[in-house]
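In my numbering, the protein residues as written are 10 to 224. We treat Cβ as the ideally placed atom computed from N, Cα and C, and that holds for glycine. Okay, structure first, notes after.
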């Protein structure tokens with residue numbers, strides 16, 4: 010993303026190279042015997058705190074949109090012209106992030122109240138960017154623990170500046186499970202707000218995750 014932001018790499022070149030590489034890797038998988046393949050597209054990183062901090066939302070949005078469109082077209086063409094593939098699909102991570110991040114119904118069902126800042130280090134950056142530097146520094150020193158880690162990660166969409174937190178991770182895991190189950194039956198699972206809400210309700214994902222037994 011930094012190369013794109015500094016024009017070291019053009020969006021079209023990035024998209025063309027990466028999408029062609031994925032198709033090449035798919036063919037390698039087929040040649041060594043894989044018959045069930047799911048390809049992940051790019052997550053909608055324009056919604057991440059990092060994109061917001063660096064003011065790269067527009068660039069990230071156009072890059073992700075173009076790449077995911079080209080990827081879907083190229084891998085679908087590859088799959089339709091390839092023999093021996095039993096199950097093939099694209100996991101739409103980009104659309105998943107967009108639906109989950111922009112839907113008030115989904116966020117409410119998960120108990121998520123913060124989609125803007127990260128749990129880890131989020132407030133540190135807010136303080137650094139503050140116009141009142143002396144006061145920001147004082148707050149950072151006096152309450153370092155609070156500023157370095159949020160009090161309740163379960164209510165955050167993002168755990169750090171790029172990666173989603175616990176409840177979104179769990180949601181995507183259960184969505185993937187349902188998607189694979191549908192594919193095995195020769196069906197598809199449409200990625201919509203209603204689908205996501207149904208999965209949240211089915212697996213009770215608005216509650217804290219069970220913690221592993223201490224060893």
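With 8 angstroms as the threshold, decide whether the Cβ of residue i is near any Cβ in chain D.
{"i": "residue 188", "result": "Any reference to chain D falls outside this structure, which holds one protein chain only."}
Comparing alpha-carbon positions, which option in the options lies nearest residue i?
{"i": "residue 96", "options": "118, 78, 46 and 125", "result": "46"}
{"i": "residue 228", "options": "56, 172 and 38", "result": "There is no way to answer for residue 228, as the model of the chain reaches only from 10 to 224."}
{"i": "residue 29", "options": "127, 197, 125 and 80", "result": "80"}
{"i": "residue 204", "options": "180, 12, 195 and 57", "result": "180"}
{"i": "residue 52", "options": "89, 70 and 36", "result": "70"}
{"i": "residue 120", "options": "214, 25, 168 and 201", "result": "214"}
{"i": "residue 7", "options": "187, 109 and 165", "result": "The structure shown does not extend to residue 7, since the chain is modelled only from 10 to 224, so the question has no answer here."}
{"i": "residue 65", "options": "193, 12, 217 and 175", "result": "12"}
{"i": "residue 165", "options": "22, 183, 85 and 117", "result": "117"}
{"i": "residue 188", "options": "217, 76, 40 and 100", "result": "100"}
{"i": "residue 167", "options": "106, 22 and 49", "result": "106"}
{"i": "residue 211", "options": "183, 219 and 198", "result": "183"}
{"i": "residue 197", "options": "217, 178 and 98", "result": "98"}
{"i": "residue 209", "options": "195, 191, 74 and 186", "result": "186"}
{"i": "residue 84", "options": "160, 33, 22 and 173", "result": "33"}
{"i": "residue 88", "options": "43, 17 and 74", "result": "43"}
{"i": "residue 14", "options": "192, 60, 163 and 190", "result": "60"}
{"i": "residue 162", "options": "216, 90, 207 and 40", "result": "216"}
{"i": "residue 91", "options": "112, 40, 74 and 78", "result": "40"}
With DSSP collapsed to three states, give me the class of residue i.
{"i": "residue 207", "result": "helix"}
{"i": "residue 54", "result": "helix"}
{"i": "residue 18", "result": "coil"}
{"i": "residue 198", "result": "coil"}
{"i": "residue 117", "result": "helix"}
{"i": "residue 213", "result": "coil"}
{"i": "residue 133", "result": "In this predicted model, residue 133 has a pLDDT of only 49, less than 50, meaning its place in the structure is not dependable enough to derive any value."}
{"i": "residue 219", "result": "coil"}
{"i": "residue 38", "result": "helix"}
{"i": "residue 141", "result": "Low confidence applies here, because residue 141 scores a pLDDT of 49, under 50, leaving its location unreliable; read the following figure in that light. The answer is coil: DSSP assigns residue 141 none of H, G, I, E or B."}
At a cut-off of 7 angstroms, would you count residue i as near the ligand HEM, judging by its Cβ distance to the nearest heavy atom?
{"i": "residue 167", "result": "Among the components modelled here there is no ligand, and therefore nothing to report on the ligand HEM."}
Assuming residue i and residue j are in contact, meaning their beta carbons sit under 8 angstroms apart, how far apart are those beta carbons, in whole angstroms?
{"i": "residue 171", "j": "residue 54", "result": "7 angstroms"}
{"i": "residue 20", "j": "residue 72", "result": "5 angstroms"}
{"i": "residue 126", "j": "residue 58", "result": "6 angstroms"}
{"i": "residue 35", "j": "residue 48", "result": "7 angstroms"}
{"i": "residue 76", "j": "residue 24", "result": "5 angstroms"}
{"i": "residue 175", "j": "residue 114", "result": "In fact, because the Cβ distance is near 19 angstroms, the residues do not count as touching under 8 angstroms."}
{"i": "residue 103", "j": "residue 169", "result": "With a Cβ gap of about 19 angstroms, residue 103 and residue 169 do not count as contacting."}
Beta strand (DSSP E) containing residue i: first to last residue?
{"i": "residue 48", "result": "45-49"}
Could you please give the first and the last residue of the uninterrupted alpha helix (DSSP H) stretch that includes residue i?
{"i": "residue 123", "result": "No alpha helix (DSSP H) holds residue 123; the beta strand (DSSP E) holding it covers 123-127."}
**Report entry** Secondary structure, alpha helix (DSSP H): runs of 4+ residues fully inside the segment 58-84
**Finding:** 58-62
Query raised in the report: Considering only residues of the segment 161-193, which uninterrupted alpha helix (DSSP H) runs meet the minimum length of 4 residues and lie entirely inside it, listed in chain order?
Result: 175-193
Query raised in the report: Could you give the uninterrupted runs of the beta strand (DSSP E) lying entirely in the segment 85-115, keeping only those of 3 residues or more?
Result: 96-100
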